[in-house]
Amino acid sequence: MPDETMSDSTRSDANRGGMPLAAKRLVLLGGLGIPVGLVAGPYLLGLQLLAVAGVVAIAVALSYRQGSAWFSGWSWVTACAGLAWTGATVAYWLTIIAAADASAPAPPVSSVLFSVGVTACLVMAGAVLAAAVCRYRDRRRSARAEHQRPGTISTS
């Protein structure tokens with residue numbers, strides 16, 4: 046019996062090996078957040094952080110897994126690293142703004158926050174890359190299994 050929670054387009058995407066509908070929606074939301082954050086940022090202070098959140102949303106969407114449950118272990122790593130990156134960016138931004146308002150130099154914690162943010166961003170990018178490699182490997186493995194006939198010896 047077919048699953049009634051999935052639309053026809055979702056079923057065909059899952060069968061073809063395409064991106065799941067939920068991941069596509071997350072890419073759409075992140076893709077809308079990036080230009081809004083970049084354009085509105087100079088006018089409304091702090092709205093640049095919307096662009097960072099948009100990048101995190103797209104990264105989480107790109108770390109999907111084939112199959113019924115698209116949110117993989119790599120998606121969790123990406124989401125946690127993205128949350129850390131966004132949090133470190135907010136904290137860094139707040140320390141810089143507070144120092145500028147007080148006409149004081151940036152506090153020493155700001156360099157630590159910057160390093161934490163860069164590291165989290167790199168972990169997030171690495172998790173997206175690892176998820177893509179896993180999807181590629183799984184597709185190759187399933188294609189190889191489809192093309193092998195029972196009773197024949199594989200040469201690879």
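Add 45 to a position in the sequence shown, counting from 1, and you land on the number used in the working numbering. Glycine included, C-beta positions come from ideal geometry on N, C-alpha and C. Note that the structure is predicted; figures quoted are calculated from it, not measured.
Assigned exposure category for residue 103 - 16 Cβ within 10 Å defines buried: buried
Taking only the alpha-carbon atoms, compute the straight-line gap between residue 146 and residue 155 and give it to the nearest angstrom. 15 Å
So, at 6 Å on beta carbons, what are the nonlocal neighbours of residue 119 in its own chain, with the 5 sequence-adjacent residues on each side left out? 108, 172, 175, 176
Along the chain, where does the alpha helix (DSSP H) that runs through residue 80 open and close? 66 to 85
Reference residue 98, options 161, 117, 153, 124, closest by Cα: 124
Let's see if you can read the secondary structure: which residues bound the alpha helix (DSSP H) around residue 182? 154 to 192
Evaluate contact between the segment 122 to 136 and the segment 84 to 98, counting only Cβ atoms and requiring at least three cross-stretch pairs below 8 Å. yes
CB contact flag (residue 140, residue 162, <9 Å): no
Exposed or buried, residue 188, counting other C-beta atoms within 10 Å across all chains shown (16 or more means buried)? exposed
Do you know whose CA, among 75, 190, 71, lies nearest residue 116's CA? 71
CB-CB under 8 Å to residue 159, same chain, minus the five flanking residues each way: which ones, in chain order? 133, 137
Element boundaries [alpha helix (DSSP H), containing residue 151]: Per DSSP, residue 151 belongs to no alpha helix (DSSP H) and is neither H nor E.
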